[in-house]
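Written below as structure tokens is the structure these notes are about.
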Amino acid sequence: MSQGINIYLYFSKVFTGDMFMAVGQDRPGLISRTVTYIGRRSDLIWDLLLEHLWLIIVSISIAVVVSVILGVIISYKSSLAATVLTICQIMMTIPSMAMLAFMVPFFGIGFTTGVVALILYSLLPIVRNTYTGIKEISPAVVESAVGMGMTEWRVLTKIKIPLARPVIMAGIRTATVMIVGIGAIAAYVGAGGLGELIFQGISRSHEPMIIVGAIGVSIIALAFDFVLSWGERRLAAVGKVREAKQ
Amino acid sequence: MIKIENVTKKFPGMEIPAVKDLNLEIKEGDICVLVGPSGCGKTTTMKMINRIHEPTSGSIYIDGQDALKMNPIKLRLDIGYVIQEIGLFPHMTIEENVATVPNEKKWPKEKTKKKVAEMLTLVGLDPELHGKRYPSELSGGQRQRVGVARAMATDPPIMLMDEPFGAVDPITRAKLQNEFLRIQERVGKTIVFVTHDIDEAIKMGDTIAVMRDGELVQHASPNDLLSAPADEFVSSLVGRNRSIKRLHLIRIREILSDLDRPKPAKVDTSVDDIRKQLDESDIRSVMVVDRDNKLKGIIGINDLKKKTGEQAADYIQELDQSVTSDATLNDALSVMLECGEGYVAVVNEDDQYQGTITLGDLLNVVKEDE
């Protein structure tokens with residue numbers, strides 16, 4: 001409860017204009033304290049930011065491989081599709097705290113647990129988009145590829161995956177942005193990252209730490225979103241009209 | 001060349017077989033058209049030849065070899081395949097699309113490149129201009145051409161075509177059909193051609209196989225089909241106006257040489273000469289060509305009164321449409337009806353004037369037949 005009141009107080013301070021000097025106190029306001037904190041602990045913040053990035057990159061890389069393979073498999077075995085997609089969906093509905101706590105007995109405390117949890121969370125968007133991306137390809141395109149004598153493997157790698165790629169990329173982007181946020185909570189099981197700042201800030205009632213952690217997470221999320229949506233647009237442009245270039 | 005023996009196909013979960021005990025033999029170099037209403041099993045029959053569908057029972061021989069015992073990939077690489085929606089790969093350029101089978105056969109790059117350019121030229125596309133484009137940048141007719149070029153890229157002896165000219169307007173379709181027949185005259189492939197359009201069947205087919213409810217009703221030459229339909233179904237499919245349908249079977253060049261037509265005027269012929277020519281005969285107009293014998297237009301008696309000038313060039317009315325000499329009489333008729341004129345100019349591939357066909361000529365042909 002006191003946590004909630006604290007958070008309320010930060011915001012009331014920030015938004016009532018008294019941003020540099022706390023009301024009735026002779027210590028500096030929130031923003032100037034945050035700036036001071038960043039200046040003082042920039043090494044730590046930078047390390048945690050990189051750690052957070054690393055956690056996300058490792059998790060999403062593994063998740064992409066696993067999910068695309070899963071998505072391709074269920075595009076061939078439609079009987080499995082509903083089951084696999086439902087399981088992935090259930091994964092997403094498990095609260096992250098519960099999921100992490102549940103993982104600890106199996107993977108211990110630390111980076112691995114965080115990665116495993118993040119992979120499980122990112123399955124659904126990628127598996128689902130891979131599946132629909134492949135299913136939405138015009139049957140005529142696939143049939144003419146098969147009819148001309150392409151092997152199933154060639155059809156998959158030359159036709160199906162390239163055509164589904166923009167949709168798969170959209171899934172990867174959704175998953176990445178989502179697990180950047182969940183990644184902060186993974187600090188709870190010792191996976192490191194900016195979550196550590198947030199958790200420590202809360203337990204020490206040290207507002208600047210919380211703010212730096214939260215803003216750092218947002219910056220990472222926005223950066224991923226920017227880079228991946230750029231990639232998505234590039235891929236979607238393939239096969240579209242390119243008259244401007246000619 | 002292709003022999004289909006007692007073939008039956010039953011799709012899982014269906015009570016009635018899609019194809020029932022079918023026997024069909026297609027000779028080398030022939031176009032065999034499978035025709036019939038939708039659901040008659042014509043497409044299924046075609047797709048069993050390259051084993052997109054596996055027959056439930058029966059056998060299919062290609063050049064005496066049992067197709068059902070061959071490796072399906074190897075079988076398909078030697079059979080050109082064009083389907084209704086063409087199915088060009090939207091993420092690949094036209095060149096890459098046409099290079100599909102050469103790439104699957106692992107041809108050297110140079111050979112593939114040469115062949116792709118050759119095929120695009122063959123179907124009337126410019127490799128320089130169109131090769132690097134994507135399918136979405138092409139018109140419907142151009143896409144159909146690419147589909148044909150892609151299917152023929154490695155010179156397969158057999159081609160399967162499922163309504164390859166289906167998705168374009170009638171004029172473009174007639175043009176594509178004529179071009180394809182011209183190519184076929186040169187390459188002489190064995191072709192299985194599926195359509196629901198009896199007119200197209202009569203025009204394209206060396207033989208026509210009429211199917212109904214998965215069974216073969218009649219397999220005959222277009223002429224025999226028109227003169228002796230096997231039963232009610234075939235005659236209703238062929239329709240009543242058989243003499244008009246016969247116009248599909250005759251090419252313009254076949255009757256053009258027998259026609260006695262006045263010589264065309266040149267662009268620099270004087271008006272007096274033209275007037276004299278028209279006055280002396282009972283014709284009311286004369287075609288005009290340039291020095292290379294290219295068709296420029298037409299001058300009618302009335303045009304001479306309306307305008308002034310000394311040379312033919314001053315009076316020319318441009319023509320909206322012309323036909324090539326390998327078009328059928330039916331194509332000529334459609335053009336006449338469309339332009340609302342009783343004649344149509346005939347040109348060759350380079351737009352050089354070959355002659356004129358009139359409505360009267362068509363009537364004569366139909367009369368002779370009956």
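Going down the list, the protein sequences come from chains A and B. FYI, in my numbering the residues of the first sequence are 1 to 246. FYI, in my numbering the residues of the second sequence are 1 to 370. Just so you know, even glycine gets a beta-carbon here, dropped at the ideal spot from N, CA and C.
Taking residue i as part of the beta strand (DSSP E), name the residues at either end of that continuous run.
i, result
"glutamine 218 of chain B", "215 to 220"
"glutamine 317 of chain B", "Run containing glutamine 317 of chain B: none; DSSP gives neither H nor E here."
"valine 82 of chain B", "79 to 82"
"leucine 295 of chain B", "295 to 300"
"serine 285 of chain B", "285 to 289"
Which first and last residues belong to the alpha helix (DSSP H) in which residue i is found?
i, result
"isoleucine 94 of chain B", "94 to 98"
"glutamine 144 of chain B", "140 to 151"
"glutamine 200 of chain A", "195 to 204"
"proline 90 of chain B", "Careful: proline 90 of chain B lies outside any alpha helix (DSSP H) and carries neither H nor E."
"isoleucine 137 of chain A", "Premise fails: isoleucine 137 of chain A is in no alpha helix (DSSP H) and is neither H nor E."
"tyrosine 134 of chain B", "Here tyrosine 134 of chain B belongs to no alpha helix (DSSP H), and DSSP marks it neither H nor E."
"arginine 186 of chain B", "170 to 187"
"serine 59 of chain A", "42 to 76"
"leucine 125 of chain B", "Neither: leucine 125 of chain B is in no alpha helix (DSSP H) and is coded neither H nor E."
"methionine 169 of chain A", "161 to 185"
"arginine 242 of chain B", "242 to 245"
"alanine 101 of chain A", "96 to 107"
Going along chain A, which residues have a C-beta under 9 angstroms from residue i?
i, result
"glutamate 104 of chain B", "Met148, Gly149, Met150, Thr151 and Arg154"
"phenylalanine 89 of chain B", "Val141, Ser144, Ala145, Lys158, Ile159, Pro162, Leu163 and Gly239"
"isoleucine 52 of chain B", "Glu143, Val146 and Gly147"
"tyrosine 315 of chain B", "Neighbours of tyrosine 315 of chain B on chain A: none; closest Cβ ~41 angstroms, over 9 angstroms."
Is the CB of residue i under 9 angstroms away from at least one CB in chain B?
i, result
"alanine 170 of chain A", "no"
"serine 144 of chain A", "yes"
"methionine 1 of chain A", "Confidence at methionine 1 of chain A is low in this model, with a pLDDT of 45, below 50, so its placement is unreliable and the value that follows should be read with caution. Chain B contact via Cβ: absent."
"serine 138 of chain A", "yes"
"glycine 190 of chain A", "no"
Going by DSSP, name the residue or residues bridged to residue i.
i, result
"leucine 24 of chain B", "B:Ile4"
"phenylalanine 193 of chain B", "B:Val33 and B:Met161"
"valine 84 of chain A", "DSSP lists no partner for valine 84 of chain A."
"alanine 345 of chain B", "B:Ser322 and B:Thr356"
"tyrosine 61 of chain B", "B:Lys3 and B:Asp66"
"threonine 207 of chain B", "B:Cys32"
"arginine 212 of chain B", "B:Glu215"
"alanine 265 of chain B", "B:Val288"
"threonine 328 of chain B", "B:Arg251"
"lysine 9 of chain B", "B:Val19"
"serine 395 of chain B", "Since the first and last residues shown for chain B are 1 and 370, residue 395 of chain B lies out of range."
Any C-beta of chain A sitting closer than 9 angstroms to the C-beta of residue i?
i, result
"glutamine 84 of chain B", "yes"
"lysine 47 of chain B", "yes"
"leucine 125 of chain B", "no"
"lysine 74 of chain B", "yes"
"leucine 122 of chain B", "no"
"arginine 150 of chain B", "yes"
"tyrosine 343 of chain B", "no"
"leucine 383 of chain B", "With chain B covering 1 to 370 only, the question about residue 383 of chain B has no answer from this structure."
"tyrosine 81 of chain B", "yes"
Whole-angstrom Cβ separation of residue i and residue j, contact assumed at under 8 angstroms?
i, j, result
"tyrosine 134 of chain B", "threonine 93 of chain B", "6 angstroms"
"glutamine 144 of chain B", "proline 164 of chain B", "6 angstroms"
"isoleucine 198 of chain B", "valine 35 of chain B", "6 angstroms"
"lysine 305 of chain B", "valine 289 of chain B", "Between valine 289 of chain B and lysine 305 of chain B the Cβ distance is about 23 angstroms, and since that is not below 8 angstroms, they are no contact."
"valine 271 of chain B", "alanine 327 of chain B", "Not a contact, Cβ separation roughly 32 angstroms."
"tyrosine 343 of chain B", "threonine 356 of chain B", "5 angstroms"
"phenylalanine 111 of chain A", "glycine 192 of chain A", "7 angstroms"
"methionine 161 of chain B", "valine 194 of chain B", "7 angstroms"
"threonine 190 of chain B", "proline 157 of chain B", "6 angstroms"
"tyrosine 131 of chain A", "glycine 71 of chain A", "5 angstroms"
"asparagine 97 of chain B", "valine 146 of chain B", "6 angstroms"
"aspartate 331 of chain B", "alanine 174 of chain B", "5 angstroms"
At a CB-CB cut-off below 7 angstroms, which residues of chain A make contact with residue i?
i, result
"valine 101 of chain B", "Met148 and Gly149"
"leucine 77 of chain B", "Gly149"
Tell me whether residue i, by its Cβ, gets closer than 8 angstroms to a heavy atom of the ligand GDP.
i, result
"glycine 205 of chain B", "Although the ligand GDP was asked about, the structure shown includes no ligands whatsoever."
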